[in-house]
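Taken in order, these protein sequences are the chains called S and X. Heads up, the first sequence is in our numbering, so the first residue is 797 and it goes up one at a time. Heads up, the second sequence is in our numbering, so the first residue is 6 and it goes up one at a time. From the three backbone atoms N, C-alpha and C, an ideal C-beta is built for every residue, glycine too.
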Amino acid sequence: NAGVTQTPKFQVLKTGQSMTLQCAQDMNHEYMSWYRQDPGMGLRLIHYSVGAGITDQGEVPNGYNVSRSTTEDFPLRLLSAAPSQTSVYFCASSADRVGYTFGSGTRLTVV
Amino acid sequence: GQQLNQSPQSMFIQEGEDVSMNCTSSSIFNTWLWYKQEPGEGPVLLIALYKAGELTSNGRLTAQFGITRKDSFLNISASIPSDVGIYFCAGQPQGGSEKLVFGKGMKLTVNP
Chain S
797 NAGVTQTPKF QVLKTGQSMT LQCAQDMNHE YMSWYRQDPG MGLRLIHYSV
847 GAGITDQGEV PNGYNVSRST TEDFPLRLLS AAPSQTSVYF CASSADRVGY
897 TFGSGTRLTV V
Chain X
6 GQQLNQSPQS MFIQEGEDVS MNCTSSSIFN TWLWYKQEPG EGPVLLIALY
56 KAGELTSNGR LTAQFGITRK DSFLNISASI PSDVGIYFCA GQPQGGSEKL
106 VFGKGMKLTV NP
């Protein structure tokens, strides 16, 4: 049982590049979320999903897209990377929309 | 939007001491959660609270869901070096939203 798996663990992008952060869970959880963590800001919700085919915006969605074609996968796409998107990104999943299990994060630097 | 005020922001304690931290909000929350994050890792759920007044323990950790549903506290007794990390409170706003709100965290340092 791997839990929540995020790839890559580290990434450096140039401004304007696009990329996809991968997230997969093997716990058959319906609820999945993406957060970003910045120093002194805690965790802020980017997008979330309540099941396959259903996604919604969180607190800071601008510049990011998501899709949920399967229960297991919830990729986060950066459309045109900006230095303000330098952050640590966490994917999380939950069976009860409350007790989330987090991945180990992707550390993204945009130069 | 809803915000959680977590205090203190950091604490430095000696091994063996107890430590308390709390989280408050101006809004009502249906659920309170406490997470711990260690360097380079994602947050790990420590305790979940579902009812106002609920007091729950997990080993040396004790947490309570405030009667007003606008606050929660976490207590760690007899601290040990591996308690080092950042502790986050989180809450599910009234209305059953899937959007968990997180506090900004409390960084705990334990001196051996």
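Quick check: what's the CA-CA separation for residue i versus residue j?
i                      : j                      : result
residue 893 of chain S : residue 866 of chain S : 17 angstroms
residue 933 of chain S : residue 864 of chain S : Nothing about residue 933 of chain S can be reported from this structure: the residues present for chain S run from 797 to 907 only.
residue 803 of chain S : residue 904 of chain S : 11 angstroms
residue 902 of chain S : residue 63 of chain X  : 29 angstroms
residue 106 of chain X : residue 837 of chain S : 12 angstroms
residue 884 of chain S : residue 818 of chain S : 13 angstroms
residue 61 of chain X  : residue 877 of chain S : 43 angstroms
residue 59 of chain X  : residue 96 of chain X  : 14 angstroms
residue 816 of chain S : residue 115 of chain X : 38 angstroms
residue 24 of chain X  : residue 100 of chain X : 32 angstroms
residue 112 of chain X : residue 14 of chain X  : 6 angstroms
residue 29 of chain X  : residue 801 of chain S : 32 angstroms
residue 871 of chain S : residue 886 of chain S : 11 angstroms
residue 907 of chain S : residue 843 of chain S : 24 angstroms
residue 822 of chain S : residue 807 of chain S : 24 angstroms
residue 847 of chain S : residue 21 of chain X  : 45 angstroms
residue 69 of chain X  : residue 812 of chain S : 46 angstroms
residue 828 of chain S : residue 840 of chain S : 14 angstroms
DSSP has residue i in a bridge; who is on the other side?
i                      : result
residue 1 of chain X   : Coverage of chain X is limited to positions 6 through 117, which leaves residue 1 of chain X absent and any answer about it impossible.
residue 98 of chain X  : X/34
residue 850 of chain S : S/847
residue 16 of chain X  : X/113
residue 875 of chain S : Partner(s): none; residue 875 of chain S has no beta bridge.
residue 869 of chain S : S/820
Mind checking which residues open and close the beta strand (DSSP E) that includes residue i?
i                      : result
residue 112 of chain X : 111 to 116
residue 45 of chain X  : Here residue 45 of chain X belongs to no beta strand (DSSP E), and DSSP marks it neither H nor E.
residue 896 of chain S : It is not in any beta strand (DSSP E) - residue 896 of chain S carries neither H nor E in the DSSP assignment.
residue 88 of chain X  : Per DSSP, residue 88 of chain X belongs to no beta strand (DSSP E) and is neither H nor E.
residue 67 of chain X  : 66 to 70
residue 821 of chain S : 815 to 821
residue 23 of chain X  : No beta strand (DSSP E) holds residue 23 of chain X; DSSP gives it neither H nor E.
residue 834 of chain S : 827 to 834
residue 903 of chain S : 902 to 906
residue 80 of chain X  : 76 to 81
residue 798 of chain S : Residue 798 of chain S -> no beta strand (DSSP E), and no H or E assigned at all.
Please compile the residues from chain C whose C-beta is within a distance smaller than 9 angstroms of the C-beta of residue i.
i                     : result
residue 93 of chain X : In the structure shown, chain C does not exist; the protein chains are S and X.
Using a Cβ-Cβ cutoff of 9 angstroms, what residues of the stretch 817 to 842 of chain S are near chain X? List them in chain order. 827, 829, 831, 833, 836, 837, 838, 839, 840, 841
Residues of the stretch 862 to 886 of chain S with a CB closer than 8 angstroms to any CB of chain X: list them in chain order, please. 886
Got a sec: which bits of the stretch 887 to 898 of chain S sit with their beta carbon under 8 angstroms from any beta carbon on chain X, in order along the chain? 888, 893, 894, 895, 896, 897, 898
Selection of the stretch 844 to 863 of chain S by Cβ proximity to chain X, strictly under 9 angstroms: 844, 845, 846, 852, 854, 855
Quick one, which residues of the stretch 48 to 64 of chain X are near chain S if we go by CB-CB under 9 angstroms, in chain order? 48, 49, 50, 53, 55
Select from the stretch 31 to 47 of chain X all residues with a C-beta closer than 9 angstroms to any C-beta belonging to chain S, and list them in chain order. 35, 36, 38, 40, 42, 45, 46, 47
For the stretch 66 to 80 of chain X, which residues have a CB atom closer than 8 angstroms to at least one CB atom of chain S, in sequence order? none
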